[in-house]
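Novice:
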Amino acid sequence: HFKYYTTDILLPTHHHRQLESQSPPLLSFSKIVTMCTPPNMRVMFVVLTLLKSLQFLFLFAFSIVLICHIHLHLAYGYQLRRIGWTLLFMTFWILTNAYVGLKGSTHHNKFLLLVHIATEGA
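In the numbering used here, each number is its position in the sequence shown, counted from 1, plus 915.
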């Protein structure tokens, strides 16, 4: 069912193009609607909170190293200490934002979910 052309490339015929066009879409509107039901939202936010907690632990440890390690300060300057404090503040922001998203999803509170979306990009 393949035709050879002068460029020696195998090209599918019209029959194969029809079969490809009949395949169902990977993500349809009905799948998106069922994905946003309250039970599914709760599961997604529980997983998101667990991942954000792991991110918090890593960034917390990294910021403490930046704040306290004297050899880093001597090698790269004391501005690393400011960067470490900023990173420490941001780690608590991440954890607080994940908690707001989790509470918004468990209670299906649209205001908390809006706050979570608005502060996630900030």
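Heads up, the beta-carbon is just placed ideally off N, CA and C, and yes, glycines get one too.
Between I982 and L1003, how many whole angstroms is the CB-CB distance? I'm expecting something under 8 Å.
Specialist: As a working note, residue 982 is residue 67 in the sequence shown. As a working note, residue 1003 is residue 88 in the sequence shown. The pair is a contact, with the Cβ atoms about 7 Å apart (cut-off 8 Å).
Novice: Helix, strand or coil: which one does DSSP assign to T952?
Specialist: As a working note, residue 952 is residue 37 in the sequence shown. If DSSP states are grouped into helix, strand and coil, T952 belongs with coil.
Novice: Below 8 Å, how does it come out for the region 1013-1033 and the region 954-967: are there three or more Cβ pairs, yes or no?
Specialist: Enough Cβ pairs lie closer than 8 Å, so yes.
Novice: Would you report the Cα separation of Q994 and W1000, rounded to the nearest angstrom?
Specialist: As a working note, residue 994 is residue 79 in the sequence shown. As a working note, residue 1000 is residue 85 in the sequence shown. Those two C-alpha atoms are separated by around 10 Å.
Novice: Please name the residue, chosen from W1008, M1005, T1021 and L1029, that lies closest to M959 on a Cα-to-Cα basis.
Specialist: Position 44 of the sequence shown holds residue 959. For the residues W1008, M1005, T1021 and L1029, the minimum Cα distance to M959 belongs to T1021.
Novice: Rounded to whole angstroms, how far is the Cβ of G1019 from the Cβ of L1028, which I believe are closer than 8 Å?
Specialist: Translated into the one-based positions of the sequence shown, residue 1019 becomes position 104. Translated into the one-based positions of the sequence shown, residue 1028 becomes position 113. 4 Å between Cβ atoms; contact.
Novice: Going straight from the alpha carbon of L988 to that of G1036, what length do you get?
Specialist: As a position in the sequence shown, residue 988 is number 73, starting the count at 1. As a position in the sequence shown, residue 1036 is number 121, starting the count at 1. Before going further, note that residue 988 is His rather than Leu in the sequence given. Distance between the alpha carbons of H988 and G1036 is about 31 Å.
Novice: Distance, Cα to Cα, S978 vs V1030?
Specialist: Position 63 of the sequence shown holds residue 978. Position 115 of the sequence shown holds residue 1030. Cα to Cα, S978 sits roughly 26 Å from V1030.
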